[in-house]
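Numbering (full-length UniProt numbering), first residue to last: 1 to 160.
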């Protein structure tokens, strides 16, 4: 065997061994299997009046005033789920994102530890030109490492 063939074979063998080692480690450190179909789209509550247990722990709950004055700050609180989502090394909320309409307004990244509760508070100011029709939609997206992306939204009236 010449040197070039040997080096190619050795490199391919090292890559294959690394991939196999990674797969074994993933199974050991993340024993909970993820439902891959939940990662294909953004998940929402199918019937907000009758949420499934999965929806109760994942659909963002948004607390904000029903009416705000343009140009004045207000608080938006977001909790992940009516039943607060657990946070642990194998199942956690990775990120909470707030959008005002289609525009990003804030983001909180979380770590896979039990230190935090998956909640976030944002201070938002809506300029008058952002709500020409007198209302705006707040959209919250969150990502669970096992159950994919989830979305919740509310409409807010914006006055003068």
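Even glycine gets a Cβ: it sits at the ideal position worked out from N, Cα and C.
Taking 9 Å as the cut-off, decide whether the C-beta atoms of residue i and residue j are in contact.
| i | j | result |
| --- | --- | --- |
| residue 37 | residue 46 | no |
| residue 96 | residue 139 | no |
| residue 124 | residue 106 | yes |
| residue 110 | residue 104 | no |
| residue 67 | residue 157 | yes |
| residue 142 | residue 86 | no |
With distances taken from CA atoms, which of the options is nearest residue i?
| i | options | result |
| --- | --- | --- |
| residue 56 | 81, 126, 145 | 81 |
| residue 134 | 160, 144, 79 | 160 |
| residue 148 | 34, 73, 79 | 34 |
| residue 78 | 151, 10, 2, 1 | 151 |
| residue 65 | 136, 9, 4, 112 | 136 |
| residue 88 | 108, 116, 13 | 116 |
Using the beta-carbon count (16 or more within 10 Å), is residue i buried or exposed?
| i | result |
| --- | --- |
| residue 43 | buried |
| residue 122 | buried |
| residue 131 | buried |
| residue 120 | buried |
| residue 40 | exposed |
| residue 7 | exposed |
What residues match up with residue i in a beta bridge as DSSP calls it?
| i | result |
| --- | --- |
| residue 152 | 140 |
| residue 126 | Answer is none; residue 126 lacks a bridge partner. |
| residue 159 | 69 |
Mind reading off the beta-carbon distance from residue i to residue j? Whole number of angstroms is fine, and I expect it under 8 Å.
| i | j | result |
| --- | --- | --- |
| residue 70 | residue 154 | About 17 Å; that fails the 8 Å criterion. |
| residue 91 | residue 54 | The Cβ separation is near 12 Å, so there is no contact. |
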